[in-house]
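Position one of the sequence shown corresponds to residue 128 (our numbering), numbered consecutively onward. What follows is a set of notes on a single structure, which appears directly below.
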Amino acid sequence: MKVTLFQSQIQKFSRQLTNSTWRLSLMGIILSIFFLFLYGCQGTVQKNDGVIHLSLWQSINPPTNRYVFNKLVAKFNQTHTDVKVKSIFIGQPQLPKILTAVVGNAPPDILSFDPQLTGQFMQLGAIRPLEEWLEKLPLKSEITSNLWEELKLNEHLWSIPLYTSNLGIFYRPKLFQAAGIMQIPKTWEELREVAKKLTIDRNGDNRPEQYGMLLPLGKEEWTVFSWFPFLLSAGGEIVTNNRPNLTNPGAIAALQFWQDLLKDGSATLSSPERGYEEDAFISGRVAMQITGPWTYIMKSNVDFNVFPIPANVKPATVTATGNMYLMKTTPEREQAALKFLEYVLSEEFQTEWSIGTGFLPVNIKSAQSQAYQEFIQQKPVLKIFIDQMSVSGSRPIIPGYSRLSDSLGRAIEATMLGASPETALKQAQANLDSIWDSLQSR
């Protein structure tokens, strides 16, 4: 089963090799996988010093957040004499590297990745369920309880939360004031009108120097993630009874709303697959951007504030939860890795991590701590994200999610480039219907 899934990933890349450029790209991917594979193996070799040396693969960005994480890993190593953790950054493309290591029987001991890949890792038999360990852990009562549901599949808990947060809309108050906007939008229609007022063509060439809003262009996960609050707010879904359901009225309405913003001329698209970049917002070329409190905007010198995602049928946003998997290795190594996972959930770790990165703590004591409360007073916009947690939904973690996300991302991209939302979603649904049963049976 492991080999079959891995081969399907390689075949996906092979189908893209239509010219020499792609072949060179694949060669680069293969070389990077090979060297990372060797590097990861170094982290799993037991040194003859009585200490269990663990490898932890992570893709934490931006580098400032990675620095905070590695500093905390160093603290763990300083306070534990029997376990040492080596934090290894893995760049793009991440999934092929992970699959290569798993199929080659040389996985990392701990993997920091995305909850949405849980189904795929479960099918591979690459990860350990954690509910039995968690039930015996006194720390469990300190963790925000609704986070566990997002990490469960088939009645098993497959990872722990490293952090949580959600999406809001950052805006430039000075640009709002200059446009005469005195109230933040609370509904989709109000957001649409505000975006129009914030779009300014100063020289009359029909190419605005300032747009009301930035929307992500691309088919990858950031685009799907950014669109999800609008889907949930419209009462839509993408999975019903464990099957894709992309053509429901809520999904169509959410995609139509994004297209309407573009047709109004009051939204501009990001560069392809770069919807998370904030340059246009910081320069004032756009007045609003969908993102979360981890953004560099929080540390910039520009004027900014945040408002909740405006509502359609109901208020909603989507969680941005990072997680950590316990990979299948040996009983001794897994027990050692659990010590680090317990540390990640602790008040100490969560307080320093959250203050250093802007993510919300998953530990209740951390959120209530004096240090974190003082931090919120310095960064009052965080309260918007804290308050939104009560209306936050999550993306599914079912097997086949990566293919589901890819098809949905292509539908969103096609709609942003002019296709009918209903047509684009029907095409995506048809593509998924033709392969879904085989994805679930692997």
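Backbone N, C-alpha and C fix where the C-beta goes; we use that ideal spot for every residue, glycine too.
Check                                                                                                               : Outcome
Classification of threonine 457 by the beta-carbon crowding that lies within 10 angstroms, buried from 16 upward    : exposed
Per-residue DSSP class, three states only, for phenylalanine 370                                                    : Looking at the sequence itself, residue 370 is arginine, so the reference to phenylalanine does not match. The answer is strand: DSSP assigns arginine 370 an E or B state.
Leucine 280 vs glycine 246 beta-carbon contact at 9 Å                                                               : yes
Lysine 213 beta carbon less than 9 Å from that of valine 178                                                        : no
Where serine 292 sits in the DSSP three-state scheme                                                                : coil
Per DSSP, the bridge partner or partners of methionine 249                                                          : According to DSSP, methionine 249 bridges with nothing at all.
Cβ contact check for the stretch 234 to 246 and the stretch 175 to 194: 3 or more pairs under 8 Å                   : yes
Residues near serine 398 by beta carbon distance below 8 Å, same chain, minus five either side                      : Leu344, Glu404
Three-state secondary structure (DSSP) of threonine 484                                                             : helix
Strand pairing of glutamine 416, partner residues [DSSP]                                                            : Phe297, Leu341
Distance between alanine 361 and glutamine 554 (C-alpha atoms, nearest Å)                                           : 21 Å
Reduced DSSP category for threonine 446 - H, G, I as helix; E, B as strand; rest coil                               : strand
Helix, strand or coil at leucine 284 [DSSP, three-state]                                                            : strand
Inter-stretch contact at 8 Å, needing at least 3 Cβ pairs: the stretch 441 to 456 / the stretch 530 to 538          : no
Buried or exposed (CB count within 10 angstroms, at least 16 for buried), methionine 543                            : buried
Proline 190 classed as buried or exposed, judged by whether at least 16 other C-beta atoms fall within 10 angstroms : exposed
Validate contact between the stretch 506 to 514 and the stretch 215 to 234 using beta carbons, cut 8 Å, 3 pairs     : no
Selection from Phe467, Gln477, Ile436 that minimises the alpha carbon distance to threonine 208                     : Phe467
At least 3 beta-carbon pairs within less than 8 Å: the stretch 285 to 299 vs the stretch 412 to 432                 : yes
Secondary structure of methionine 516, DSSP reduced to three states                                                 : helix
Distance CB(tyrosine 194)-CB(proline 488) smaller than 9 Å                                                          : no
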